Every structure is written in C-alpha cells, then in structure tokens.
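See structure below.
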Amino acid sequence: MKSRTLHITGGVFAGVFLVALGMALAERHAALALNRDLLAPPAIAAAAEDPRISAARGVQLAGTGDADGARRNLQLAMQAGDVQVSNQARFNLGNLALRQAVGSGRDDEQRPGLLALAKQHYREVLQREPQHQAARYNLERALWLAPEEGIAATVDGIDTSKQLEGSTNNNDTNDGREGTATTLQPEGGGLP
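Using the working numbering, the letters of the sequence shown map in sequence onto residues 1 to 192.
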C-alpha cells in the first residue's frame, strides 16, 4: 500500500513538473518570436511610431555602448505623448549623461556639460514624478560630482551643499571615484 501511494505521489509530482516545464518553454518560445518580429524590417519602421520601442531600443543601444544611437532613440521616446514613457526616457537620458561623465575622467572638457545635462534630466523627471526615487538618488550623485555654487542644491528639501562640504574630509575613502549611475531602465520592465 505504501509503495503504491509513493508511486502515485511521484507520478503526480512528475506530471506537475512536466506541465510547468511545458508552460515555461511555451513562454520562452513566445518571447523569442516577439523579439524576432521586433527585429524584422516592418517592426523597425514601426519603432519611429511607437515610443515604447524607441525607448527600449535606446536602453539596448546604451547597454552595447552606442551612446549616440541610444540618445537618438531616447529623445524620440521623450517626445512621446505618453507621460510615463516620456519620463522614463528622460530618466534614461540622465543616466546616459551621468555614465558618460563618470567614465570620462576628471579632466575631460565634456564632463561639466554632461553632468549639467544629467542634472537637468533628473530635475525634469522629478518635476513630473516627485516620488521617483532613482532619479532623486542620481540627482544627488550628480550634485555630489558637480556642486552648484550660488544656488542651494536641494533634493527633497535637504541642502546637499552642506553634506558635500562635510564629505571632503580626509577620511573620505572614495578618492573622488564614483561608480555607475542607476541602471538604465526600460519602461514597463521590458519590451512591449
């Protein structure tokens, strides 16, 4: 009796496992088909019409190191009528500028302009979506890298210029190096 129960239980578990595996494979197959369809010439032409595809392509190009292509696609997405897609594109443009500024080195002539551009994009995101924590964090990082003099650099009501003055002591272990910006994020977690 016990061995029969064990065989039935094992069979049920094996059946459930096979059904779950089949569902996962079907989902993967559907995702691969969608990606194949998106890379087809008609889908590429549709990218100019669909800001979500432009935003996703901008994130992808930024990941491969094509900053100019990423910027073009993100700017197309930013001009979209969809506020959420537009805001996400602004955030990703800020990330792109911040990454370029951090990667350029301290003496690069483009660094101040890239940091100013990143701060501008993050502020625009926060004007439209004040609760966007990643934009707030990256704005603080950009302000830390390029403090604004004569203007109270505040984020969420906190004066960051006072924090910056206190962080320049000899115990600062960062040595002026900064990591990468919060990751570029596609709208909605992935391609549509």
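Even glycine gets a Cβ: it sits at the ideal position worked out from N, Cα and C.
Source: prediction; values computed, not measured.
Worksheet item: Using a Cβ-Cβ cut-off of 6 angstroms (strictly less than) and excluding sequence neighbours within five positions of Glu129, which residues of its own chain qualify?
Response: Within the same chain, Glu129 has close Cβ partners Asn87.
Discussion item. For a quick check, are the C-beta atoms of Ala62 and Val85 less than 9 angstroms apart?
Written reply: No, the Cβ-Cβ distance between Ala62 and Val85 is not below 9 angstroms.
Worksheet item: So His121 packs on Arg99, CB below 8 angstroms; how close in whole Å?
Response: The beta carbons of His121 and Arg99 sit about 12 angstroms from each other, so the pair does not count as a contact at 8 angstroms.
Worksheet item: Would you call Leu21 buried or exposed, if buried means 16 or more other Cβ atoms sit within 10 Å of its Cβ?
Response: exposed
Practice prompt. Give the DSSP-derived three-state secondary structure of Pro130 in the structure shown.
Written response: coil
Worksheet item: From Arg28 to Asn35, what distance separates their C-alpha atoms?
Response: 11 angstroms
Worksheet item: Leu250: which of Glu49, Arg71, Glu124 sits nearest, CA to CA?
Response: A query on residue 250 cannot be resolved here, the shown segment of the chain reaching from 1 to 192 and no further.
Fill in: Host alpha helix (DSSP H) of Pro51 (start-end)
51 to 64
Worksheet item: Roughly how many whole angstroms lie between the Cα atoms of Asp50 and Arg123?
Response: 25 angstroms
Worksheet item: Which term fits Arg177, buried or exposed, when burial requires 16 or more other beta carbons within 10 angstroms of its beta carbon?
Response: With a pLDDT of 45 at Arg177, under the threshold of 50, the predicted position of this residue should be treated as unreliable, though the coordinate-derived value follows. Arg177 comes out exposed.
Worksheet item: Just curious, the alpha helix (DSSP H) that Gln199 is in, first and last residue?
Response: Shown here, the chain extends from 1 to 192; a query on residue 199 therefore has no answer.
Fill in: Straight-line gap, Gly94 to Ala24 (C-alpha atoms, nearest Å)
Distance between the alpha carbons of Gly94 and Ala24: 36 angstroms.
Practice prompt. Can you give me the start and stop residues for the alpha helix (DSSP H) that Gln100 sits inside?
Written response: 83 to 104 is the extent of the alpha helix (DSSP H) around Gln100.
Worksheet entry | Three-state secondary structure assigned by DSSP to Glu27 | helix
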